[in-house]
Amino acid sequence: MSELVVGTNHVGFTVSDLDRSVAMFRELFGYELVSLAGREPKNVVLLTSIAGADIMVAHLRKPGLVGVELIAYLAPADRTQVVARPCDTGYAHLTYDVSDVETMVEKAAAFGLKPIGGMIVSTAGPNIGARAIYLRDPDGVSIELIQPARFAKV
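According to the working numbering, the sequence shown is numbered sequentially starting from 16.
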């Protein structure tokens, strides 16, 4: 069955402020906005099973990285924000390798990203020796930054 999978298209996040989130992915991570448009409400309802759903969608791309889809729901009005903890089933995060994790954390703060916990140095697994930190944006989207060991400051 795995031969049916031909690629990774994008990772998607529901956000409250599309302009803020697009700016973050463009300015902080270097993505290009390739599409910004609404969707046919009947298709959104069919896809999501959410009665009355209406959305605006931004697609961003950067060569070598997974695409990012940002979805802002215009309806229904009874939306809530979910802020899962890393231990909660269903929690997800997007991870970027960076050359300078401290500088990225500082730059990320300008977009409202805050550390979930502290900075660590990995002592096991494929990222041994790497420095890593989890950040959360104002919508609860979690992003992990990893500075691979090859970028260690001496």
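Built from N, CA and C at the ideal position, the CB exists for glycine as well.
Mind checking residue i: buried by the 16 CB within 10 Å criterion, or exposed?
i      : result
Val30  : buried
Arg94  : exposed
Leu62  : exposed
Ala73  : buried
Ala107 : exposed
Met16  : exposed
Ala66  : exposed
Arg100 : exposed
Met37  : In the sequence as presented, Met is not what sits at residue 37; that position holds Val. The residue is buried, with at least 16 neighbouring Cβ atoms inside 10 Å.
Val21  : exposed
Val136 : exposed
Leu160 : buried
Arg165 : exposed
Ala145 : buried
Ala123 : buried
Please report the Cβ distance between residue i and residue j, rounded to the nearest whole angstrom; I am assuming they are in contact, meaning their Cβ atoms lie under 8 Å.
i      : j      : result
Gly155 : Val98  : 4 Å
Ile158 : Tyr111 : 7 Å
Leu150 : Pro163 : Not really, about 17 Å apart at Cβ, beyond 8 Å.
Val26  : Leu109 : 6 Å
Ala39  : Asp152 : Before going further, note that residue 39 is Met rather than Ala in the sequence given. Confirmed, Cβ separation roughly 7 Å.
Tyr69  : Ala90  : It is Asp, not Tyr, that sits at residue 69 in the sequence shown. Sure, about 4 Å apart at Cβ, within 8 Å.
Leu33  : Val49  : In fact, because the Cβ distance is near 14 Å, the residues do not count as touching under 8 Å.
State the beta-bridge partners of residue i as determined by DSSP.
i      : result
Ile148 : Leu160
Val26  : Val83
Checklist entry - Mind pulling the beta strand (DSSP E) runs of 3 or more residues that sit fully within the segment 28 to 108? => result 47 to 53, 69 to 76 and 82 to 90
With a cut-off of 8 Å, do at least 3 Cβ pairs link the segment 74 to 83 to the segment 42 to 49? yes
Every unbroken beta strand (DSSP E) inside the segment 107 to 148 [3 residues or more]: 108 to 112
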